[in-house]
Amino acid sequence: MVAPHNMAVTLPRTASSNVKVKVVYTGPIKAPIAKGQQIAQLIVQTPDTPPQVMPLVAGEDVAEAGMFGRIWNGMKSLFG
């Protein structure tokens with residue numbers, strides 16, 4: 005995932021310790037995925053400002069894995 009552009013958030017000094025950053029997506033994300041396709045959102049929140057939301061997109065095309073690729077990915081998730 006990549007951000008399609010920079011995000012600038014101006015905060016008061018008192019808010020610097022209360023910044024919350026989260027990535028929100030509906031998953032699991034299934035291939036194939038096209039480069040530039042939105043797959044998540046980055047949300048930056050502080051108690052005193054409205055949430056800043058930026059889409060996160062695929063940085064490259066992701067093809068659907070074949071049978072052996074799915075087996076390999078499953079084994080990697082079990083052991084590593």
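Using this note's numbering, you'd call the opening residue of the sequence shown number 5 and step up by one each time. C-beta atoms are modelled at their ideal positions from N, C-alpha and C, and glycine is treated no differently.
Pick from the options that is closest to residue i, judged by C-alpha positions
i	options	result
valine 27	Gln42, Ser81, Thr53	Gln42
valine 25	Lys39, Val13, Val61, Ser81	Val13
arginine 17	Val57, Lys39, Thr53, Asn77	Thr53
proline 55	Val6, Ala7, Met11	Met11
leucine 15	Ala7, Pro51, Lys34	Pro51
Rounded C-alpha distance that separates residue i from residue j
i	j	result
valine 67	proline 36	The residue asked about is misnamed: residue 67 is alanine in this sequence, not valine. Taking the straight line from one Cα to the other gives about 5 Å.
glutamate 64	histidine 9	15 Å
serine 21	tyrosine 29	25 Å
serine 81	lysine 39	24 Å
glycine 78	glycine 84	10 Å
glycine 31	valine 23	25 Å
alanine 7	lysine 34	19 Å
Presumed contact (8 Å Cβ cut-off) between residue i and residue j, rounded CB distance
i	j	result
valine 61	methionine 5	7 Å
Stretch pair the region 68-80 + the region 46-53: three plus CB contacts closer than 8 Å: no
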